[in-house]
Amino acid sequence: LAKTTQPISMDSYEGQEVNITCSHNNIATNDYITWYQQFPSQGPRFIIQGYKTKVTNEVASLFIPADRKSSTLSLPRVSLSDTAVYYCLVGSNDYKLSFGAGTTVTVRA
Amino acid sequence: NAGVTQTPKFQVLKTGQSMTLQCAQDMNHNSMYWYRQDPGMGLRLIYYSASEGTTDKGEVPNGYNVSRLNKREFSLRLESAAPSQTSVYFCASIFIEGTSGRGEQYFGPGTRLTVT
Chain A
1 LAKTTQPISM DSYEGQEVNI TCSHNNIATN DYITWYQQFP SQGPRFIIQG YKTKVTNEVA
61 SLFIPADRKS STLSLPRVSL SDTAVYYCLV GSNDYKLSFG AGTTVTVRA
Chain B
110 NAGVTQTPKF QVLKTGQSMT LQCAQDMNHN SMYWYRQDPG MGLRLIYYSA SEGTTDKGEV
170 PNGYNVSRLN KREFSLRLES AAPSQTSVYF CASIFIEGTS GRGEQYFGPG TRLTVT
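Going line by line, the protein sequences match chains A and B. Here the first sequence stands for residues 1 to 109, where the numbers follow our numbering. Here the second sequence stands for residues 110 to 225, where the numbers follow our numbering.
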């Protein structure tokens, strides 16, 4: 199981871009990288998933370098409602999907 | 299509009491998971079931048992509740493609358990 390391917290202001980097040095060849968002009193919600290079959807982009030992979640033009905890997960070939501590992103007006 | 449902939503137990948390999914997912989340902390994996008929320990299995009743249902049992088990419990399910971990986990609304 690849362990992940993320910053504990990040602060931003409305309208700015937020980039959260996750380290996963022991990622396996077949593993995918997935990011989740969690608001207080709710279960996590899927944001984006990727294997290599760049993936973009309507809410975020995911950048994965060629060595795949890290990944960066990019949230463009954040708003107050993007204040949440963001988790990076790496797929495990034994189905053991463990979350780390996550990154608390606080967006201020 | 209800997604992942959990019952009960809230529960208060006395130390030593037992209870079962129920989880069901209607998305035909192969794998199901139980996590706990203490205040201000991340999620910790208790048990998981990669497929119907199999269960495995996660990071914090002590004090818990699970049953994968069928493809839809995965229950978590506390045999003798302790105050340290006060937490929010989340159930999740996913259809994983092959052995890559590719897939999207769907989470239930959680069960808020207090043990006094």
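We put the CB at the ideal spot given by N, CA and C, even for glycine. Please read all numbers here as calculations on a predicted model, not as lab measurements.
Exercise. Under three-state DSSP, which class holds B:S209?
Worked result: coil
For this session: Give the single residue among B:D135, B:K118, B:L222, B:Y142 whose Cα lies nearest to the Cα of B:S184.
Result: B:Y142
Problem set entry | Chain-ordered neighbours of B:I155 on chain A, where CB pairs are closer than 9 Å | What B:I155 touches in chain A: nothing, since even the nearest Cβ is about 11 Å away.
Exercise. Smallest Cα separation from A:N25: which of A:Y13, A:T4, A:P44?
Worked result: Residue nearest to A:N25 within the set A:Y13, A:T4, A:P44 is A:T4 (criterion: CA-CA distance).
For this session: Count the other C-beta atoms from every protein chain shown that fall within 10 angstroms of the C-beta of A:G102, then say buried if there are 16 or more, exposed otherwise.
Result: buried
For this session: Write down every uninterrupted run of the beta strand (DSSP E) in the stretch 31 to 91 of chain A whose length is 3 residues or greater and which is fully enclosed by it, in chain order.
Result: 33 to 38, 45 to 50, 53 to 56, 61 to 64, 70 to 75, 84 to 90
Exercise. When you check each C-beta in the stretch 85 to 98 of chain A against every C-beta of chain B, which residues fall closer than 9 Å?
Worked result: Listed by position, the residues of the stretch 85 to 98 of chain A near chain B (Cβ gap below 9 Å) are V85, Y87, L89, V90, G91, S92, N93, D94, Y95, K96, L97, S98.
For this session: At 7 Å on the CB atoms, spell out the chain B contacts of A:D31, in chain order.
Result: Ordered by position in chain B, the residues that pass the 7 Å Cβ test against A:D31 are S209, G210.
Exercise. In chain A, what lies closer than 9 Å to B:S140 by C-beta?
Worked result: Y95, L97
Exercise. Do you know whose CA, among A:V90, A:I48, A:A84, lies nearest A:S9's CA?
Worked result: A:A84
Exercise. Taking the beta strand (DSSP E) that B:A201 falls in, what are its first and last residues?
Worked result: First-last of the beta strand (DSSP E) with B:A201: 196 to 203.
Exercise. How long is the line joining the alpha carbons of A:N30 and A:N93, rounded to whole angstroms?
Worked result: Whole-angstrom Cα-Cα distance: 8 Å.
Problem set entry | Spatial neighbours of A:I27 in its chain, beta-carbon cut-off 7 Å, leaving aside the 5 residues before and after | Cβ neighbours of A:I27 within its own chain (closer than 7 Å, five residues either side excluded): A2, R68, K69, V90.
For this session: Taking all protein chains shown into account, decide if A:Y13 is buried (16 or more other Cβ within 10 angstroms of its Cβ) or exposed.
Result: exposed
Exercise. According to the neighbour-count rule (16 or more other Cβ atoms, all chains shown, within 10 Å of its Cβ), is B:G167 buried or exposed?
Worked result: buried
Problem set entry | For A:S81 and B:S158, the rounded distance between their alpha carbons | 34 Å
Exercise. Between A:I33, A:Y87, A:Q38, A:N19, which lies nearest to B:I205 when the distance is taken from Cα to Cα?
Worked result: It is A:I33 whose Cα lies nearest to the Cα of B:I205.
Exercise. Of the residues A:S23, A:W35, A:T56, A:P40, which one's Cα is nearest the Cα of B:V197?
Worked result: A:P40
For this session: With distances taken Cα to Cα, identify the nearest neighbour of B:L222 among B:E182, B:A190, B:T164.
Result: The alpha carbon of B:L222 has as its nearest neighbour, out of B:E182, B:A190, B:T164, the alpha carbon of B:A190.
Exercise. Do the CB positions of A:Y87 and A:Y36 come within less than 8 Å of each other?
Worked result: Yes, Cβ-Cβ distance for A:Y87 and A:Y36 is below 8 Å.
Exercise. Mind checking A:P44: buried by the 16 CB within 10 Å criterion, or exposed?
Worked result: buried
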